[in-house]
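Colleague: Numbering (mature numbering (1 follows the signal peptide of the UniProt record, and there is no 0)), first residue to last: -21 to -1, 1 to 662.
One structure coming up, written as structure tokens, with questions to follow.
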């Protein structure tokens, strides 16, 4: 009976996955439950831990178990390994993803909500130490000495100085293809490179100048892993190398990394084929003779590695269904090992104990010679620019006259006078991290993360006075546009949702439209102007420009501009005269207000020798393309729009948001590099 139930559950899972992914269903024979124990080993039985809701990641340190999910962080006593007892809890941490425990501090990544540092010295009362504004979506985390390494997807790995846990500081970036998770030892960092299907290895012994020294292909999408001795264990998923949609990438791969510059393949085992477009993550933990792998929708697998060249699966576990109405098993978000047990994070249903006597033992930490962060040497400024350093991450800027208003993260809102020098004329702290801003008339609108959408009056000497605030429960506001006449504010919250608020009465802002589509918002994807006198526009990185008609008494979502090829997070749109300028797959195209024709049928403008990519901004004569993930800005002369001419390009240390123009000079909000203004070039 148990075998039939498990088989049915996996069959439902794979049918559901196939429907969502638009592919053929995978046969039931691919599920662990429908195979013999010779293939996937004995079936282990998960036991639910009471009092813990949806769970994304778990970690064990001594007799404590730590778990996080959906903004909550839990501490549990595991003196009796099979009976965890909840001790303390902390909430309000955003879209929590992974966690790492070191020296009584929990480091918790939260995707678009950055990195949280929590004091766990009192297990009954975990206390928030600080929040750090990561350069992009924070997924993976590992800590070595006083350095935290945070995987930020297409942006690579961000290195952060956490020697003062109350005030983390940006150190540097290591660009990779798509860093999902990372782990380190002795100044060597290992990275699961997602879609490129690679294990990437970097030397971070000089944290200010990290360098990739080796890589090796994976037969599946890269994510989490671990080290023991000379071996690296990498969990893989999704699609096998050479294919885009076969679902056969799931498994465990083992490499000898005695020479990290030349990793050599040792062996692998494969798990059932599976594909699901959401909650897709996998990782590995090694202790004793076994490596345990979390494979989300497939459950978890125990692999015997006594003979490292011939690993074999000896056990597996599948979590219970997500709900009474859905027989799909709950995916496993993460795992941790205890004495004779495996702790599994059920993404939808909560925390589980999986008894595994003889198979699971606590991980024994290996000695780690942590990198040393030395003081920066020499000048750090860029001679090509005037630089303003506010102390936070400059995410966006807008220009009004000779004033640049800058959203500076934890440093608040800065009004900076532009000229031969950059001088602050006012600084407003804000009630949350200032992620983005817009100015309309005498009002400034600020996306202040968990503090919501703030509305300020701009007074004498550019002093800001709060006159309204729209607070969204458990929703962090990331971007805002409020074009003249300033009645409606379009704002983005979370990772993939927008709303429009009527802000005519700033003391009582009112939500009048909500929308959520396929694709994430990676920054600067709201058009700051009103197009055609009636449309607010948001650019979704898969479904493209969306039109919101605000001209009538009732706001209307009019639809999207479609294309046969999905849109990309590396591109975007901006206003050019009375049209929308679209950057897509290396080309420029113009859309009329509300234009919903197939983009592939519209005329396209190209630049020979250049693949046009990035968030566009134009003053009518110049076009700036800001490529935040690549730390690059390109400038083009578009006096003759049909024949754009490359002018110059900048490679930056920081991550540029959408650029602006002042006095024919380029203004760049460059993340932790600061606010940059081009020095005037000689004619």
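Each residue gets a CB set at the ideal place from its N, CA and C atoms; glycine is no exception.
Please read all numbers here as calculations on a predicted model, not as lab measurements.
Output the distance between the C-alpha atoms of residue 71 and residue 607, rounded to the nearest integer angstrom.
Modeller: C-alpha separation (whole angstroms): 28 Å.
Colleague: Compute the Euclidean distance between the alpha carbons of residue 158 and residue 35, then round it to the nearest angstrom.
Modeller: For residue 158 and residue 35, the distance between alpha carbons rounds to 18 Å.
Colleague: Pull up the distance between the alpha-carbon of residue 212 and that of residue 259, whole angstroms please.
Modeller: Near 18 Å, if we compare the C-alpha coordinates of residue 259 and residue 212.
Colleague: Is residue 610 buried or exposed, if buried means 16 or more other CB atoms sit within 10 Å of its CB?
Modeller: That one is buried.
Colleague: Looking only at its own chain, which residues have a Cβ that is under 7 Å from the Cβ of residue 429, when we skip the five neighbours before and after it?
Modeller: Once the five neighbours on either side are set aside, the close Cβ partners of residue 429 are 411, 455.
Colleague: At which residue ranges does the stretch 494 to 549 contain complete beta strand (DSSP E) runs of 3 or more residues, listed in the order of the chain?
Modeller: Listed in chain order, they are 514 to 519, 523 to 528, 535 to 539.
Colleague: Nearest to residue 644 by CA position, among 631, 650, 652, 659, is which residue?
Modeller: Nearest of 631, 650, 652, 659 to residue 644, Cα basis: 659.
Colleague: Given a cut-off of 8 Å on the beta-carbon distance, is the pair residue 60 and residue 31 in contact?
Modeller: Against a cut-off of 8 Å, the Cβ pair of residue 31 and residue 60 comes out as no contact.
Colleague: Excluding the 5 residues flanking residue 651 on each side, which residues of the same chain have their C-beta closer than 7 Å to its C-beta?
Modeller: Counting only Cβ-Cβ distances below 7 Å, and skipping sequence neighbours, we find 149, 372, 633.
Colleague: Below 8 Å on the Cβ atoms is my contact criterion, and I expect residue 391 with residue 408 to pass it. Report the Cβ-Cβ distance as a whole number of Å.
Modeller: Going by Cβ atoms, the distance from residue 391 to residue 408 rounds to 4 Å, so yes, they are a contact pair.
Colleague: Please name the residue, chosen from 180, 623, 351, 100, that lies closest to residue 40 on a Cα-to-Cα basis.
Modeller: Closest by alpha carbon: 100.
Colleague: What do you get for residue 82, buried or exposed, if any count of 16 or more other CB atoms within 10 angstroms of its CB means buried?
Modeller: Exposed, by the Cβ-count rule.
Colleague: Quick check: the stretch 576 to 588 against the stretch 95 to 109, are at least 3 beta-carbon pairs closer than 8 Å?
Modeller: The answer is no - the stretch 576 to 588 does not touch the stretch 95 to 109, with fewer than three Cβ pairs under 8 Å.
Colleague: Please state whether DSSP places residue 574 in a helix, a strand or coil.
Modeller: Residue 574: coil per DSSP, three-state reduction.
Colleague: Which of helix, strand or coil does DSSP assign to residue 605?
Modeller: Three-state result, residue 605: strand.
Colleague: Would residue 433 pass as a contact of residue 422 if the rule is Cβ separation under 8 Å?
Modeller: Contact flag unset, no.
Colleague: Less than 8 Å between the C-beta atoms of residue 269 and residue 282, yes or no?
Modeller: It is a contact, given that the beta carbons lie within the stated cut-off.
Colleague: Taking one C-beta from the stretch 19 to 33 and one from the stretch 291 to 310 each time, how about it: are there three or more such pairs within less than 8 Å?
Modeller: Enough Cβ pairs lie closer than 8 Å, so yes.
Colleague: Do residue 517 and residue 537 have their C-beta atoms closer together than 8 Å?
Modeller: No, they are not a contact pair.
Colleague: If you draw a straight line from the C-alpha of residue 327 to the C-alpha of residue 452, how long is it?
Modeller: About 20 Å.
Colleague: Pick from 250, 290, 286: whose alpha carbon is nearest that of residue 274?
Modeller: Nearest of 250, 290, 286 to residue 274, Cα basis: 250.
Colleague: Relative to the alpha-carbon of residue 377, which residue among 123, 20, 638, 118 has its alpha-carbon at the smallest distance?
Modeller: Looking at the Cα atoms, 638 is the closest of the given residues.
Colleague: Determine the closest residue to residue 93 out of 75, 62, 221, with distance taken between C-alpha atoms.
Modeller: Comparing Cα-Cα distances from residue 93 to each of 75, 62, 221, the minimum goes to 75.
Colleague: According to the neighbour-count rule (16 or more other Cβ atoms, all chains shown, within 10 Å of its Cβ), is residue 582 buried or exposed?
Modeller: Its Cβ having fewer than 16 others within 10 Å, residue 582 is exposed.
Colleague: For residue 153, I'd like the list of residues in its chain whose CB is within less than 6 Å of its CB, leaving aside the five on either flank, ordered along the chain.
Modeller: Answer for residue 153: 135, 136, 181, 189, listed in chain order.
Colleague: I'd like to know whether the C-beta atoms of residue 480 and residue 490 end up nearer to each other than 8 Å.
Modeller: A contact, by the Cβ cut-off of 8 Å.
Colleague: Using DSSP bridges, identify the partner residues of residue 152.
Modeller: Bridge partners of residue 152: 137.
Colleague: For the candidate residues 519, 395, 531, whose alpha-carbon lies nearest to that of residue 549?
Modeller: The shortest Cα separation from residue 549 among 519, 395, 531 belongs to 519.
Colleague: Only counting the same chain, and skipping five residues up and downstream in sequence, which positions put a Cβ closer than 6 Å to that of residue 394?
Modeller: 382, 384, 404, 405, 441.
Colleague: Within 10 angstroms of the Cβ of residue 398, are there 16 or more other Cβ atoms? Answer buried if so, exposed if not.
Modeller: Label assigned to residue 398: exposed.
Colleague: Tell me whether the beta-carbon of residue 425 lies closer than 8 Å to the beta-carbon of residue 486.
Modeller: No; because the gap between Cβ atoms is not below 8 Å, this pair is not in contact.
Colleague: Tell me whether the beta-carbon of residue 84 lies closer than 8 Å to the beta-carbon of residue 78.
Modeller: Taking 8 Å as the Cβ cut-off, residue 84 and residue 78 do not qualify as a contacting pair.
Colleague: I need the boundaries of the beta strand (DSSP E) containing residue 481, first residue and last residue.
Modeller: 476 to 481 is the span of the beta strand (DSSP E), which, as asked, contains residue 481.
Colleague: Tell me whether residue 653 sits in a helix, a strand or coil according to DSSP, three-state version.
Modeller: Coil.
Colleague: Please state whether the Cβ-Cβ distance between residue 184 and residue 355 is less than 8 Å.
Modeller: No, Cβ-Cβ distance for residue 184 and residue 355 is not below 8 Å.
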